[in-house]
């Protein structure tokens, strides 16, 4: 068997786990099934990930990275918060929701699995903290690039955006209707933008501007 770098093996296992969890569900998927999907011995998987929880954390981190890349794809940050929300969330919806429903179901299963199997719900907390931080940072960077301020804190905006999109994803999973979902998403973004009320930052006039 050819030597494979540890980082490459880890990525291989994570990719297999995402596919397995998306297709078969989190509760019923074993590490043996993931190893089979990856085409490696179970012992090799245990060498890289000693527990299912450790693998699940790596899966969440990888999915969040993919979402981050999707939000930022072809984004003109200097166009401000409204553009960032509409373009970024729209990209996310088109690429990671409508065409990858299994991926979305997997994430909800990861949350419930954590809450059921871990009294502290550590994985669920990690999941939502990182998603919220991702949207918060995304909006704050867009505001800074465009010289804008918002009427609410960016952390609040991040949580509100996450809550709205989360709810719409659940409705779409329960009853896939692309046209209705897109209309509802546009309305949700309208409300977010109105609530955030992004405005140009007032520039301080020079003390000598009016002296002549």
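Residue numbers (our numbering): 28 to 239.
Think of the CB as a built atom: it goes at the ideal place given N, C-alpha and C, for glycine as much as any other residue.
- Approximately 7 Å separates the beta-carbon atoms of residue 61 and residue 40; this is inside 8 Å, confirming the contact.
- Taking the CA atoms as reference points, residue 140 sits about 13 Å from residue 87.
- Nearest C-alpha to residue 187 among 203, 107, 166, 226: 166.
- Per DSSP, residue 184 is one residue of the alpha helix (DSSP H) stretching across 181–201.
- One Cα belongs to residue 150, the other to residue 160, and the distance between them is close to 15 Å.
- Look at the stretch 75–99 and you find no whole run of beta strand (DSSP E) that is 3 residues long or longer.
- By alpha-carbon distance to residue 93, the top candidate from 183, 130, 185, 221 is 130.
- Residue 126 and residue 228 have their C-alpha atoms some 39 Å from each other.
- Ranked by Cα distance from residue 179, the options 58, 219, 197, 195 are led by 219.
- Residue burial is scored here from C-beta neighbours: residue 77 has fewer than 16 other C-beta atoms within 10 angstroms and is therefore classed as exposed.
- DSSP places residue 124 in no alpha helix (DSSP H); its state is neither H nor E.
- Cβ neighbours of residue 96 within its own chain (closer than 8 Å, five residues either side excluded): none.
- Residue 54 sits in coil when the DSSP states are folded into three classes, being neither helix nor strand.
- Linking residue 207 to residue 195 through their CA atoms gives a straight-line distance of about 10 Å.
- Annotation: residue 35 to residue 42 spans about 11 Å, alpha carbon to alpha carbon.
- Residue 55 has its alpha-carbon roughly 13 Å from the corresponding atom of residue 144.
- Looking at the DSSP output, residue 176 bridges to 226.
- Between residue 98 and residue 115, the gap from beta carbon to beta carbon is short of 8 Å.
- The beta carbon of residue 185 sits closer than 6 Å to the beta carbons of 159, 162, 163 from its chain, once the five residues preceding and following it are set aside; these are given in chain order.
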